[in-house]
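J.: Residue numbers for the sequence shown, in the numbering used here: -6 to 80. We treat Cβ as the ideally placed atom computed from N, Cα and C, and that holds for glycine. No experiment lies behind these values; they were computed from the predicted model shown.
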Amino acid sequence: MTPHGIFELKHFFSGQIGEATGTTTSARAVQARIQKVIQSEPRAKPVSDSRITAILNDEGILIARRTVAKYREQMNIPPANRRRSVL
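What follows is the structure in structure tokens.
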């Protein structure tokens, strides 16, 4: 119990994502990596959730496209078609 009420125990821990090596990576680390990929994309041709998934899978982080979309939405990052800017 806290001064702000009762919280579920899972509130205090980060989720985990499996890696090809058999180890796990925290959800926060994966979110940071997704954000880094999006920040380095060309503005005229933003990277789709499917492409982000492929990049992470190539790096050994086993993640589904729907999970990438969920994390992107949690970070308030719009989808690729809304990140596109015309030069």
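Does the region 35 to 46 come within contact of the region -5 to 2, defined as at least 3 CB pairs closer than 8 angstroms?
T.: Touching, no, given that fewer than three Cβ pairs across the two stretches are closer than 8 angstroms.
J.: With a threshold of 7 angstroms on Cβ separation, who are the neighbours of Arg58 within its own chain once the five nearest residues in sequence on each side are excluded?
T.: Cβ within range, chain order: Asp42, Ser43, Thr46.
J.: Alpha helix (DSSP H) containing Ile31: first to last residue?
T.: Unbroken alpha helix (DSSP H) run through Ile31: 20 to 32.
J.: With burial defined as no fewer than 16 other Cβ atoms inside 10 Å of the residue's Cβ, what is the status of Gln24: buried or exposed?
T.: Label assigned to Gln24: buried.
J.: For the alpha helix (DSSP H) holding Ala47, just list the boundary residues, first then last.
T.: Counting along the chain, the alpha helix (DSSP H) containing Ala47 begins and ends at 42 to 51.
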